[in-house]
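Order-wise, the sequence lines are chains A and B.
Counting from 4, one number per residue, gives the positions in the first sequence under the numbering used here.
Counting from 2, one number per residue, gives the positions in the second sequence under the numbering used here.
Glycine included, each C-beta is placed from N, C-alpha and C at the ideal position.
The block underneath contains the structure these notes are about, expressed in structure tokens.
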Amino acid sequence: MTRMRMFGSRLLGFFRKRRNDENLDAEMRWHLHLLAEENIRRGMPPQEARYAARREFGGVEQAKEAYRERRGLPFLDTLWQDLRFATRIMAKKPGFTAIAITTLAVGIGANTAIFSVVHSVLLLALPYPDSDRLTVVWSTFSSEGRGPASGPELIYLRERSRLFEEFGGIWAQSGAITGEGEPEHVRLGLVTSNFLSMLATKPQVGRFFLPEEQGTYAAKSVILSDPLWRQRFGANRQLIGQSIRLNGHPVTVVGVLPPDFKIIFPEGSSVPPDMDAFIPFPSNLAKDPSDQCYIRVIGRLRKGVTIPQAQAELESIGAQLRSEFPVFAEQALGLQVVPLHGDVVRNVRPALLTLFGGVSLVLLIACANVANLLLSRANERQKEITLRAAVGAARGRVIRQLLTESVLLSCLGGAAALLLGSWAMKPLLSLRPAGIASLVATAFSLPVFGFTLGLSIAAGILFGLAPALGTTSLNLVECLKEGGRATRPGRQRPRKLLIAGEVALGFVLLVGAGLLMQTFVSLLRVNPGFNSQHVMTVRLSVSGVKYQTHESAILFFRELQKKLAASNGIESVGVISHLPFDDTLPNWYSYYWAEGAPKTEQNTVMADYRSILPGYFQSLGAQWVAGRDFDAIDVQEDRPIVIVDDTLAARTWPGGSAIGKGLNIEDGNFRQDATRVTMEVVGVVKHIQSHSLTDQVRGQIYMLYPRAARAHMALTVRSNMDAQSLVGLIRRKVASLDKDMPVYGILPMDDYLEKARRPARFTSSLAVVMAAIAVLLACTGIYGVASYSVLQRTSEIGVRMALGARPGEIFAMIIRQSLLPVLTGVFAGLILSLALTPLLSGLLFGVRPVDPVTIGTAGVLLFGVGMLACYLPARRATRLDPIAALRYE
Amino acid sequence: MKAARGEVLQGTLDLIVLKTLDALGPLHGYGIAQRIQQVSEDLLKLNQGTLYPALLRLEQRGWISSRWGVSDNNRKAKYYSLTRSGRKQLASEAESWERMAGIIARLLGAEGA
Numbered sequence: 004m005t006r007m008r009m010f011g012s013r014l015l016g017f018f019r020k021r022r023n024d025e026n027l028d029a030e031m032r033w034h035l036h037l038l039a040e041e042n043i044r045r046g047m048p049p050q051e052a053r054y055a056a057r058r059e060f061g062g063v064e065q066a067k068e069a070y071r072e073r074r075g076l077p078f079l080d081t082l083w084q085d086l087r088f089a090t091r092i093m094a095k096k097p098g099f100t101a102i103a104i105t106t107l108a109v110g111i112g113a114n115t116a117i118f119s120v121v122h123s124v125l126l127l128a129l130p131y132p133d134s135d136r137l138t139v140v141w142s143t144f145s146s147e148g149r150g151p152a153s154g155p156e157l158i159y160l161r162e163r164s165r166l167f168e169e170f171g172g173i174w175a176q177s178g179a180i181t182g183e184g185e186p187e188h189v190r191l192g193l194v195t196s197n198f199l200s201m202l203a204t205k206p207q208v209g210r211f212f213l214p215e216e217q218g219t220y221a222a223k224s225v226i227l228s229d230p231l232w233r234q235r236f237g238a239n240r241q242l243i244g245q246s247i248r249l250n251g252h253p254v255t256v257v258g259v260l261p262p263d264f265k266i267i268f269p270e271g272s273s274v275p276p277d278m279d280a281f282i283p284f285p286s287n288l289a290k291d292p293s294d295q296c297y298i299r300v301i302g303r304l305r306k307g308v309t310i311p312q313a314q315a316e317l318e319s320i321g322a323q324l325r326s327e328f329p330v331f332a333e334q335a336l337g338l339q340v341v342p343l344h345g346d347v348v349r350n351v352r353p354a355l356l357t358l359f360g361g362v363s364l365v366l367l368i369a370c371a372n373v374a375n376l377l378l379s380r381a382n383e384r385q386k387e388i389t390l391r392a393a394v395g396a397a398r399g400r401v402i403r404q405l406l407t408e409s410v411l412l413s414c415l416g417g418a419a420a421l422l423l424g425s426w427a428m429k430p431l432l433s434l435r436p437a438g439i440a441s442l443v444a445t446a447f448s449l450p451v452f453g454f455t456l457g458l459s460i461a462a463g464i465l466f467g468l469a470p471a472l473g474t475t476s477l478n479l480v481e482c483l484k485e486g487g488r489a490t491r492p493g494r495q496r497p498r499k500l501l502i503a504g505e506v507a508l509g510f511v512l513l514v515g516a517g518l519l520m521q522t523f524v525s526l527l528r529v530n531p532g533f534n535s536q537h538v539m540t541v542r543l544s545v546s547g548v549k550y551q552t553h554e555s556a557i558l559f560f561r562e563l564q565k566k567l568a569a570s571n572g573i574e575s576v577g578v579i580s581h582l583p584f585d586d587t588l589p590n591w592y593s594y595y596w597a598e599g600a601p602k603t604e605q606n607t608v609m610a611d612y613r614s615i616l617p618g619y620f621q622s623l624g625a626q627w628v629a630g631r632d633f634d635a636i637d638v639q640e641d642r643p644i645v646i647v648d649d650t651l652a653a654r655t656w657p658g659g660s661a662i663g664k665g666l667n668i669e670d671g672n673f674r675q676d677a678t679r680v681t682m683e684v685v686g687v688v689k690h691i692q693s694h695s696l697t698d699q700v701r702g703q704i705y706m707l708y709p710r711a712a713r714a715h716m717a718l719t720v721r722s723n724m725d726a727q728s729l730v731g732l733i734r735r736k737v738a739s740l741d742k743d744m745p746v747y748g749i750l751p752m753d754d755y756l757e758k759a760r761r762p763a764r765f766t767s768s769l770a771v772v773m774a775a776i777a778v779l780l781a782c783t784g785i786y787g788v789a790s791y792s793v794l795q796r797t798s799e800i801g802v803r804m805a806l807g808a809r810p811g812e813i814f815a816m817i818i819r820q821s822l823l824p825v826l827t828g829v830f831a832g833l834i835l836s837l838a839l840t841p842l843l844s845g846l847l848f849g850v851r852p853v854d855p856v857t858i859g860t861a862g863v864l865l866f867g868v869g870m871l872a873c874y875l876p877a878r879r880a881t882r883l884d885p886i887a888a889l890r891y892e
Numbered sequence: 002m003k004a005a006r007g008e009v010l011q012g013t014l015d016l017i018v019l020k021t022l023d024a025l026g027p028l029h030g031y032g033i034a035q036r037i038q039q040v041s042e043d044l045l046k047l048n049q050g051t052l053y054p055a056l057l058r059l060e061q062r063g064w065i066s067s068r069w070g071v072s073d074n075n076r077k078a079k080y081y082s083l084t085r086s087g088r089k090q091l092a093s094e095a096e097s098w099e100r101m102a103g104i105i106a107r108l109l110g111a112e113g114a
């Protein structure tokens, strides 16, 4: 309490300085006056009375100073004083100040921008209630990685688990809203009744699903997303309780989700963030076939339960599952629990941390540059500082003032950095990988400001400390004797060390950027197994009442293909269930084995299953390896045949031909009576990359549409038309066949590929920008030191020239001495990069972490830049007029 | 004379000022100084200027308060007076001072005996 009051009074004193000074002055003057009067009364002459009064009072100024020290906040007073002085000093040298602030703004701004991404992606909690307790539960299989769960699995988990509060599940599908207005495709989530309440506190309007609404076969209730509710239904609150048509069936709208609701699921889980509508699972999950794995499961841990505890429990539940269900034992089913947030950022964390490390190197280089600037300034300011020391300023006080100057400088740099950072945010955001798109904040937040401020102060102390210590450790007598014309070579040492450090860090950044660049280039060169150029894709939903029979859908596609193929400018048209690199639909993959394979080889290897119609491979420009493509007769006669990719063929029939062989596969129409069928391989096509450009994730099996009918299909159209008229044409042709058919997901095939390359593009382009900044900073640093050393040695050079040194010798001398720290730096950077680049290996493709070519290029580049930077100062040295140089002092 | 004038002990000035204000009521700086000289019969050596930082300290602690008033001869003057917490502080400081003085006296007495 007392302390608070004291601080309050001091704070008041700090701001009311002038008034308080006047008051104190009046008080003391009156005191002296009274003392003098008293003395006069005692009979002293007035003059002497006043002197006596002064003696009795003691030192007026000392008393005032003691009073002032108690009154205000001396720390702030000094700070204020130092800041004013610093501002004056900076204003006096606008060039120096501008260069320093710009350098710092670039260094700090890069950090601010990257940190704002790191903060929003890695540090901020997901926007869900108790999000730290939300987990993803994956099923793992012997041969495959992790995958979704089956209905019985989810129910079993719910019954057995004690450490989880609840489990929820989702399956992303697509559907169409028809009825009034244009038919509209919707991304439809089939969910357990508790799923939405696990991710949101309450709906915007209406309610969440009730447990009894799940498993009622014909979906009766639907919950809409905010965008769909606004765009299609005009945010009508009366919609709750009303019926709309979904896939041709009437369903009742029971609720609308909050405006900011997003489903944030890990990449590869095939659950897109922007779902339009949700319905409860129509089937009774407990009675689902236990080998149909399609449910993406999330679980909420009980309070205080750790992931390892939960994992231990799931392992025992997994063991129970295997002993109770033979099919799970066969697949060696396991269960894995991971934190939802950790899983979502799993793929981007290494890249982000790498970039964060990279920008901190950039900041270090910027600091080294400014430290160098300050060092040269410090030499100029020696006189001033020596004078201060001579009249009694304590070393600590001078250091404090110099540090105040540098921190002020870097805080101004930080302020400029925020401007620069907010300007750099836009291109940065446009590059972000899709996996974190929903997480990245689009504006700076308070923690980002805090980070920038803290970084600015830290940077100010970092680059200010060495010059401050160096300047104040002067020998006074020595300095005064020299009279400020210091030409001691020893003083160059810290500056050369800084240059070497800068070059070393720049080298590391260059090598890192070079490796990431090559990764991106390798990705561009990857042959994905198809030619994405000139291919337009659109998505169509053949679902609902009109397409209850496969025949109607086949008829629709056949007519559409025929109409489009007949149009001018269209080369070929294909139809497929899953486009390559489209992860908005749940992937369809399952086990397969060669006909007659022993029991031990069954249920061990999985492949991606795709449903196509003839023309798909032609439209994508896929490469044939063997056999033939599907044709119209195959469709007409509904032949049990498949086409496989070359990796599957080579793995299943090594050394032999796949053509004519029987393949045991999952029944494409999920008939309950026959879940597996055997079909004949008629063709082998080159693997079409569909999940990753770098890995051939699984083999591929292509079935004919009638044998694997899907509601969601995509059209692949190869043409030489421009996109706009092509899309118009497709829309017209579709509408002419079915006016209720929504056409959506219009995207050139190139875009899908671009999306796949985006993470690499993101890291490599940022790394290149960083390396460029680093090289630029190093270049200016080298130039600065070289030209300053020429300036300092003007008279020495003059003497040398007067004694007959030729310009060429002077030139060589300057170059030699300026390049020495550069060479040292390149060497140190080489060692440093050998230690650091292996950390990048997870981000690299098509290039090894230790790549002699990259290292060599970086070295040559930096050396060349160093040469360039010293060239001008060295040439200036050769053009000195000896007479003028000698008089320079 | 010179030898007999003692320096004001560190920390005792507070007690003296508080006691003075307690005895005489609101006073200005000059009045306090005069009173101290008077009571100590000029034996206490006080640089009167040091009174002001001390007064500020006491005020910051909340033991005294100050206000501007008009003096006997119609001049603006700052008057200091004891606050309630100042009175409490005075009581406790006086007590501890007396205890200390008692201890010292006993100590010296014992040595003398």
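Under the three-state reduction of DSSP, which class applies to residue i: helix, strand or coil?
i, result
"residue 598(A)", "coil"
"residue 693(A)", "coil"
"residue 830(A)", "helix"
"residue 669(A)", "strand"
"residue 29(B)", "strand"
"residue 138(A)", "strand"
"residue 656(A)", "coil"
"residue 342(A)", "strand"
"residue 84(B)", "coil"
"residue 609(A)", "strand"
"residue 648(A)", "strand"
When the cut-off is 8 Å and only beta carbons count, does residue i lie next to chain A?
i, result
"residue 31(B)", "yes"
"residue 21(B)", "no"
Measure from the C-beta of residue i to each C-beta in chain B and report whether the shortest distance is under 8 Å.
i, result
"residue 76(A)", "no"
"residue 69(A)", "yes"
"residue 34(A)", "yes"
"residue 491(A)", "Confidence at residue 491(A) is low in this model, with a pLDDT of 49, below 50, so its placement is unreliable and the value that follows should be read with caution. Taking Cβ atoms only, chain B never reaches closer than 8 Å to residue 491(A), which makes this a no."
"residue 25(A)", "no"
"residue 52(A)", "no"
"residue 31(A)", "yes"
"residue 79(A)", "no"
"residue 66(A)", "yes"
Report the partner residues of residue i according to the DSSP bridge assignment.
i, result
"residue 170(A)", "302(A)"
"residue 573(A)", "722(A)"
"residue 281(A)", "192(A), 226(A)"
"residue 707(A)", "615(A)"
Give the residues of chain B in contact with residue i, contact being defined as C-beta atoms less than 8 Å apart.
i, result
"residue 73(A)", "54, 57, 58, 61"
"residue 60(A)", "48, 49, 50"
"residue 63(A)", "50"
"residue 37(A)", "31"
Under 7 Å between beta-carbons, which chain B residues line up against residue i? List them in chain order, please.
i, result
"residue 12(A)", "61"
"residue 394(A)", "Within 7 Å Cβ-Cβ: nothing; residue 394(A) doesn't reach chain B, min ~25 Å."
In chain B, which residues lie less than 9 Å from residue i when you measure between Cβ atoms?
i, result
"residue 8(A)", "61, 62, 63"
Under 7 Å, CB to CB, which of the residues in the segment 39-62 of chain B have a partner in chain A?
48, 49, 50, 51, 53, 54, 57, 58, 61, 62
Name, going along the chain, the residues of the segment 68-92 of chain B whose beta-carbon falls closer than 9 Å to a beta-carbon of chain A.
69, 72, 76, 77, 78, 79, 86
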